[in-house]
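In what follows, a structure is listed as structure tokens, so that the remarks can point back to it.
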Amino acid sequence: EAPEGEVEQALAAVWTQVLGVARVGRNDNFFELGGDSILSLQIVARLRNAGWKVTPRQILERQTIAELALATMRAGEGDHGGVQRAIPLLGTANRNDGLALSHAQARQWFLWQLAPSSIAYHIAGGFRLSGELAVDVLRSSFRGLVERHESLRTVFRARDDGLADQVIHAALSLDVPLIDLSGLDAGAREAQAEAHAHKVHQTPFDLGNGPLLRVALIRLAPTEHVLVVVMHHIVSDGWSMQLIVDEFVKRYRAGLRGEDAALAPLSVQYADYAAWQRDWLANGERDRQLAYWRQELGTAQPVLRLPTDRPRLPNANYTAAHCSTELPLALVQALQRLVKANGATLFMSLLAGFNVLLHRHTGQEDIRVGMPVANRHWIGTEGIVGFFVNTLVLPGRISPRMALGDVFLQTKEAALGAQLHQDLPFEQLVDALQPERDTSQTPLFQVMVNHQKFQAKADADLPGLALQDYALGQRGAQFELTLDLLEDERGGVHATLSYAKELFEPAAMQRMLAHYLALLDGLAHSPQQAVGDVALLDAAERAQLSAWGVNAQSYPHGEPVHALMERQARLRPEADALVLG
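Structural data, given as structure tokens:
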């Protein structure tokens with residue numbers, strides 16, 4: 032059924048654009064069309080730009096065009112939900128001067144000054160290309176990327192006050208070396224390719240001279256190559272890496288035909304956003320959003336103390352290890368029914384289960400979880416390379432007698448509130464709340480959750496080439512524990528725990544994943560059940576506990592234990608009594 036009236040037609044036009052569908056009926060469901068909380072923010076931004084006022088909560092709770100139209104109104108000038116003006120452009124003259132850094136960039140500059148040889152903030156991707164590769168077209172494709180995106184032509188210049196400006200070069204030459212290993216035998220080729228890829232990834236960047244994009248091509252055979260792409264986080268993020276891959280594919284396809292890629296012009300560049308962000312936050316938005324976070328997080332900032340298998344290191348320098356599972360499809364479908372009935376998203380239920388898991392494993396009632404957000408809900412920011420990602424702190428307050436369903440509803444409210452206040456830079460939140468600093472822990476939260484939805488990639492259509500991911504070796508663990516959630520194209524959910532292998536045994540992490548599934552099952556099928564009543568142990572674990580409780584060993588009657596200890600102390604008074612660790 033076609034949308035009716037001005038409001039429904041305006042809503043439908045934005046939905047088709049954001050959701051990537053040909054048409055939207057007035058009774059089509061937002062989630063069934065592929066919508067989620069992130070896309071709801073993009074819809075809100077576009078509607079505001081067109082003069083309509085709507086909130087993410089209304090989109091999630093009124094899931095059809097017909098229902099949403101009843102809550103949509105003309106936006107008023109001046110209020111927070113009013114018309115969203117486009118990010119203003121810096122003048123040409125200003126672009127030739129030193130430009131202000133975004134708040135996130137300023138933090139990266141500070142960290143680089145402390146440790147210029149660190150590779151902790153490298154954004155990297157490795158790809159194996161199988162088939163006939165046109166090397167010249169590949170090189171010209173990446174040079175076109177550098178020409179299009181100012182961030183890839185940006186370097187950073189120190190000021191006398193210790194801060195920095197960003198300087199955009201009008202042109203920048205990007206060298207894409209070809210490392211030919213095809214003359215080596217098969218075993219040596221792979222080993223050398225791994226070593227070269229590791230070097231490309233691990234070589235530190237010079238933020239003062241650039242370039243801050245590094246691309247190398249390794250030839251294993253005439254039809255087998257490895258492509259390594261590395262950027263510094265100060266000019267990039269994970270979204271940017273996917274942009275680069277997608278745009279490279281479009282440029283490569285067009286280049287094979289001897290044509291230029293048909294790419295829509297960029298309405299803004301990152302420097303425009305950085306200057307606008309500083310002004311916007313300084314003119315009251317920082318204080319408004321900070322007030323929300325102060326209320327949510329309070330004055331006490333608890334540290335989540337997960338029980339570890341080994342002691343924590345003083346510098347929190349850990350190596351990442353991983354364990355994964357796939358949620359049973361029946362469980363995912365049950366969770367989908369729960370969230371649809373409550374105007375929520377699947378992620379909100381998955382996060383609620385994770386919060387309960389952390390509560391059950393630590394016994395703590397004040398749970399804080401970090402979550403990265405793309406922070407690209409401003410019009411024009413979706414298509415540019417730059418450092419937009421921000422980190423949110425999602426609080427949860429859980430007690431053993433609290434119902435699982437109540438935890439879920441609490442989590443929904445926390446997620447919605449965080450989305451509406453996601454622009455405050457994490458660095459400014461830390462500075463304002465002043466948590467107690469500990470080099471073995473990250474401030475405000477110690478555990479991260481990351482949620483992604485499958486998006487069909489253009490790389491499947493590379494002419495004459497098959498593209499696969501190429502692992503770039505072990506990476507550091509930025510947090511003690513990270514839960515990565517991926518919704519795939521079939522409606523399934525993959526859960527991966529990335530953990531500090533110096534702290535946790537693999538078996539302990541596998542048990543934690545099993546406990547997570549048990550809690551999600553309880554939420555989906557018995558939301559009225561108390562958090563502390565959910566049985567986490569499986570049959571094998573219960574049998575093991577029962578076996579440990581059986582003591583058939585016979586001990587002869589003799590001296591009591593304390594008397595034996597006293598005798599040993601008399602015999603060897605200088606010996607160590609107890610060694611910890």
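As numbered in my numbering, residues 32 to 612 make up the sequence shown, in order.
Cβ coordinates follow ideal geometry from the N, Cα and C atoms, glycine included.
Every beta strand (DSSP E) stretch that sits fully inside the region 501-555 and reaches 3 residues is listed by chain position as 512-518 and 524-531. A direct Cα-to-Cα measurement between THR442 and PHE378 gives close to 10 Å. Residue range 421-428 is occupied by the beta strand (DSSP E) that includes LEU425.
The closest CA to that of PHE173, considering only TYR283, ALA222, LEU321 and LEU215, is found on TYR283. When rounded, the separation of the alpha-carbon atoms in LEU534 and ALA352 is 10 Å. Per the coordinates, the alpha-carbon of THR339 lies some 12 Å from the alpha-carbon of ALA538. Distance from the CA of ALA33 to the CA of SER71, rounded to the nearest whole angstrom, comes to 21 Å. Straight through space, the alpha carbons of SER471 and ASN346 are spaced by roughly 5 Å.
Assignment of GLN367 by DSSP, reduced to helix, strand and coil, places it in the helix class.
Within a 10 Å sphere around the beta-carbon of LEU602 sit fewer than 16 other beta-carbons, which makes this residue exposed. Residue pairing by DSSP puts PHE187 in a beta bridge opposite GLN197.
With contacts defined as CB atoms closer than 7 Å, GLU458 and ARG77 fail to qualify as a contacting pair. For ILE398, the closest alpha carbon among the candidates ASN386, VAL257 and GLY580 is that of ASN386. Restricting attention to beta strand (DSSP E) runs no shorter than 3 residues, the region 302-373 encloses them at 349-357, ordered along the chain.
Contact between the region 182-201 and the region 523-531 is absent, with fewer than three C-beta pairs closer than 8 Å. DSSP places LEU464 in the helix class (H, G or I) of the three-state scheme. Contact between PHE510 and VAL478 holds, since their C-beta atoms are separated by about 6 Å, short of 8 Å. Per the Cβ contact rule, the region 432-442 is not in contact with the region 408-420 (fewer than 3 Cβ pairs under 8 Å). For a cut-off of 8 Å, the C-beta gap from LEU243 to HIS263 is around 4 Å, short enough to register as a contact.
Contact between the region 264-279 and the region 88-97 is not established, with fewer than three Cβ pairs separated by less than 8 Å. Exclusion of the five residues before and after LEU568 leaves LEU576 as the residues of its chain whose Cβ lies within less than 8 Å of its Cβ. Of the other Cβ atoms in all chains shown, fewer than 16 fall within 10 Å of the Cβ of THR234; this residue is therefore exposed. Closest option to THR254, judged by alpha-carbon separation, among GLN320, VAL166, SER149 and ALA189: VAL166. For the pair GLY401 and VAL424, the CB atoms are nearer than the 7 Å cut-off. Under the three-state reduction of DSSP, SER161 is assigned to strand. By the CB criterion at 7 Å, VAL260 and VAL280 fall outside the cutoff.
For GLU255, the three-state secondary structure derived from DSSP is strand. Distance from the Cα of GLY162 is smallest, within the candidate group ASP564, LEU50 and ARG250, for ARG250.
For VAL177, the secondary structure class from DSSP, reduced to helix, strand or coil, is helix. Out of LEU551, GLN320, VAL562 and ALA292, the CA that lies nearest to the CA of ARG391 is found in VAL562. Boundaries of the beta strand (DSSP E) harbouring MET479: 478-484, taken from the DSSP string.
Taking C-beta atoms as the reference points, ALA97 and ARG57 count as a pair closer than 7 Å. Excluding sequence positions up to five before and after TRP143, its CB lies within less than 6 Å of the CB of LEU238, all in the same chain and listed in chain order.
By DSSP's assignment, LYS84 forms a beta bridge with MET104. Here GLY65 is near LEU50, since their CB atoms are less than 7 Å apart. In the DSSP assignment, LEU609 falls outside any beta strand (DSSP E), carrying neither H nor E.
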